[in-house]
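Heads up, the sequence shown is in the numbering used here, so the first residue is 5 and it goes up one at a time. Don't be surprised by glycine CBs; every beta carbon is placed ideally from N, CA and C. Predicted model, so just to flag it, every value in this text is computed and none were measured.
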Amino acid sequence: MADIATISTAIARALAAALCPDGSSASSCTGRPVIIRRGDLTQADLGNALHTLHEGCDFISIADMPESWTRLDEPLGRPWRMDSTQAVTVSISITGGTATLGLVPDAVPGGIVGLRVQGLADITGSGCCLHGAQPGDTAASIAAGLAAMVPGAVAQEGTITLPAGVTAQAINAGTATARCVARRQEQMFVLTAWSASPAARDALGQAMADALALTDWLVDANGSTFRIEARVARNDDTAMNRGIFARPAQYLVTFDTDLTRPVPFMLAGGIGTAEGVVAGDVLLGAQVTP
5 MADIATISTA IARALAAALC PDGSSASSCT GRPVIIRRGD LTQADLGNAL
55 HTLHEGCDFI SIADMPESWT RLDEPLGRPW RMDSTQAVTV SISITGGTAT
105 LGLVPDAVPG GIVGLRVQGL ADITGSGCCL HGAQPGDTAA SIAAGLAAMV
155 PGAVAQEGTI TLPAGVTAQA INAGTATARC VARRQEQMFV LTAWSASPAA
205 RDALGQAMAD ALALTDWLVD ANGSTFRIEA RVARNDDTAM NRGIFARPAQ
255 YLVTFDTDLT RPVPFMLAGG IGTAEGVVAG DVLLGAQVTP
């Protein structure tokens, strides 16, 4: 989910990559050291610190303007859309009356496995037991969890022995991430170049403008894409008597507050719903509502 914090961080990383192509240990493209950070300058940046404004270090600050926040229309009905799929690393197979669990070596467990069983006492039709793999799962733990839902089944290591007279089909399904735009908004962000001389301020301000000139879209750490558009820039010499020269530039950012949910693919010959129930089957191990 995009947020003003993740957006500020994404902008800072984009500027760092463009202005410091040789890495953080080298000078910027202006030939001077530069510090890029969220928030305004601190008193330590002006003196009594290793890298200060008056010791030849330039700064870029990134701040959001709360009064500029505007809500926009989100997609009608807020529909959920498939966003990405996750690798399936857990599987189950059946030979005779024995089900065997398998995990891809050195991979994080992922996917949905289960059994669709017939012949259970007091159940007309089929019964389903399902397990959504989680990090830390093992073949033995998954087998034990599934066996506990099938009356008479016995788990041993990564296998399940079904009771006599019961037949089963293996359920192997992947998972995907669904995304919904809950809210869409735009907000102004101020990117300010700070330096101790007008010439250095101009060089840094121009380099910052060039770095974002062809950038219309950025992606934050959560995978959310947001639009960034240049609006206005100016020189600020109000603190020149203290040897501080600034160039604030405003950028309009349009971003979504989006929600994500894991969803299963087709399960047990039916449609997997949000509650895990499969049409036409009885979900084993589910809580009984009085």
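{"query": "Rounded separation between L119 and A111 - CA only", "result": "23 angstroms"}
{"query": "Local conformation of S65 per DSSP, three classes", "result": "strand"}
{"query": "8 angstroms Cβ cutoff met for M86 and A177", "result": "no"}
{"query": "Inside the segment 146-178 only - beta strand (DSSP E) runs reaching at least 3 residues", "result": "158-160, 163-165, 171-177"}
{"query": "Alpha helix (DSSP H) segment containing L216, residue limits", "result": "202-217"}
{"query": "Reduced DSSP secondary structure (H/G/I, E/B, other) of L76", "result": "strand"}
{"query": "Host alpha helix (DSSP H) of I15 (start-end)", "result": "8-23"}
{"query": "Status (buried if at least 16 other CB within 10 Å, exposed otherwise) for M153", "result": "buried"}
{"query": "The segment 187-198 / the segment 259-269 touching (three or more Cβ pairs under 8 angstroms)", "result": "yes"}
{"query": "CB of R36 within 8 angstroms of CB of A204, strictly", "result": "yes"}
{"query": "Integer-rounded CB distance, given that I39 should sit under 8 angstroms from H55", "result": "6 angstroms"}
{"query": "CB contact flag (L23, C33, <8 angstroms)", "result": "yes"}
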